[in-house]
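Just so you know, the sequence shown maps onto residues 2 to 433 in the working numbering. Note that beta-carbon positions come from the ideal geometry of N, C-alpha and C, so glycine has one too. Quick caveat: nothing in here was measured; it's all calculated off a predicted structure. What follows is one structure encoded as structure tokens, with my remarks underneath.
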Amino acid sequence: MKISIVGSGYVGLVTGACLAELGHEVLCVDNDTHKIEELRQGRSPIYEPGLEELVRVNARESRLSFSTSVQEATAHGTIVFICVGTPPGPDGEADLSFVEAVSREIALNMEEYRLVVEKSTVPVQTGQWVQRTIAHHVRSGVEFDVASNPEFLREGSAIRDFMHPDRVVIGTSSDRAASLLVKLYEPLNAPLLLTDINSAELIKHSANAFLALKICFINAVSRICEKSGADVVRVAKGIGLDRRIGVDFLQAGIGFGGSCFPKDVEAFIGISSKLGYDFKLLREVLAINQEQRQVVLTKLEASLGDLAGKRIGLLGLTFKPDTDDLRNAPSLDIVRLLVERDADVRAYDPKGMERARGAGEAMEVVHYCDDPYEVAENADALVVVTEWDVFRRLDLQRIHGAMRRPFVIDGRNIYDPARMRRLGFEYHGVGR
């Protein structure tokens, strides 16, 4: 099948590479000429385990190609996926200007039947708006359908998530469109949910909001654990063994970040408000998430007092491991708060330091180190910000010996508290 992907960012590129791997002829399009040139040379502009190799192999086998032309994409693919960005506006609502522009351009270049599929995360009822936009601009007599096919990819495991999904959601009122998408995803042998477009759009926002809610719930419980002497890891295990709840997303820490959860929760609040419902529960989710980042500063100041001149080392900068993504990462807020207090901030991240250097004024004054041991050198405190596996395997005795004061705030609970204390660390986890 011939497939076009408009928007070759994280979702678009992973989707295109995986569909090519399934044997389809895929054209990925983006208006960033530098990105397209990189991809043509076999280099991925983003870090995702296995993605660059998947791009290189399928490009070599002529199943995956790249262009900057939406006109070419419209001519190439029977199915055209819209995977452009929907960044939050000043009020938190999703900015759909890129979706509108691409929908209009597809319509103006359409000469025969095309199935236009929303893959971007969009507010409920966007599909109806895309349908009207295309209908307004398409030439008379040219047939088309619109569908919603939300993505559920996790950064760091996106290829596996695409190839082995929990479910594939297809929202459309057209039998023809449904048949095409069922055929497209058939090789995955995944549960298929066929529904209307509005429900498909709402499934995506609801899923992300609920997962964010689970994270913030256990983070709120962690505060009670610290005050009562309980251990949040054991509490979470006891909760998670209930099959109605499950263990996933019940890991306490310093809060979620990334391109999805913060943006989608804010957008869902805005969507609900427009429909006449004040989603107070989700407003509290965002508040709890922000508080978790402040907790790090509270713990540092409680032990070290005035942070001016104190050397604080950060282990990890990206919002999660196995990605180079710093969007809405807790590290950005933590660094800003430390810099405001005139702390000497040092940091190491296996993949995120290049992006970190351009991530804001506060990040420019950070001293970026070559490895975790350099971060620990003469440090007054270490903060585990991202749970990279390399940090789990550190020589902790060497870390202890390098630090001026062996004080560790484990923002991701990757270490055993009893072992850390046996090694002589002043150790503070989250809810432990």
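Looking at V56, S9, E73, the one whose alpha-carbon comes closest to that of K3 is E73. Here DSSP, grouped into helix, strand and coil, assigns G86 to coil. With a 10 Å radius around the Cβ and a threshold of 16 neighbouring Cβ atoms, I225 comes out exposed.
A Cβ-Cβ contact shorter than 9 Å links L193 with Y186. In this structure V266 is in contact with N209, their Cβ atoms being roughly 7 Å apart against a cut-off of 8 Å. With contact defined as three or more Cβ pairs closer than 8 Å, the stretch 354–371 and the stretch 328–342 are in contact.
Taking a cut-off of 8 Å on C-beta distances, the stretch 303–318 does not touch the stretch 227–237, as fewer than three cross pairs fall below it. If the five residues before and after L109 are omitted, its C-beta is found closer than 7 Å to the C-beta atoms of H138, all from its own chain and listed in chain order.
H138 is not bridged by DSSP to any residue.
Y416 carries a coil assignment under DSSP once its states are collapsed to helix, strand and coil.
In the same chain as D279, and ignoring 5 residues on each side of it, the C-beta atoms closer than 8 Å to its own belong to S273, in chain order. When Cβ pairs closer than 8 Å are counted between the two stretches, the stretch 377–394 is seen to touch the stretch 314–322, the count reaching three or more. Following the DSSP letters along the chain, one finds E202 inside the alpha helix (DSSP H) bounded by residues 198–229. For M164, the number of other beta carbons within 10 angstroms of its own is below 16, and it is reported as exposed. Distance from K275 to D381 at the Cβ level is roughly 48 Å; contact not present, criterion being Cβ atoms closer than 8 Å. Look at the beta carbons and you see the stretch 127–143 touching the stretch 95–112: at least three pairs across the two are nearer than 8 Å.
In the three-state reduction of the DSSP assignment, Y369 falls in the strand class, which pools E and B.
Counting along the chain, the unbroken beta strand (DSSP E) around S5 starts and ends at 3–7.
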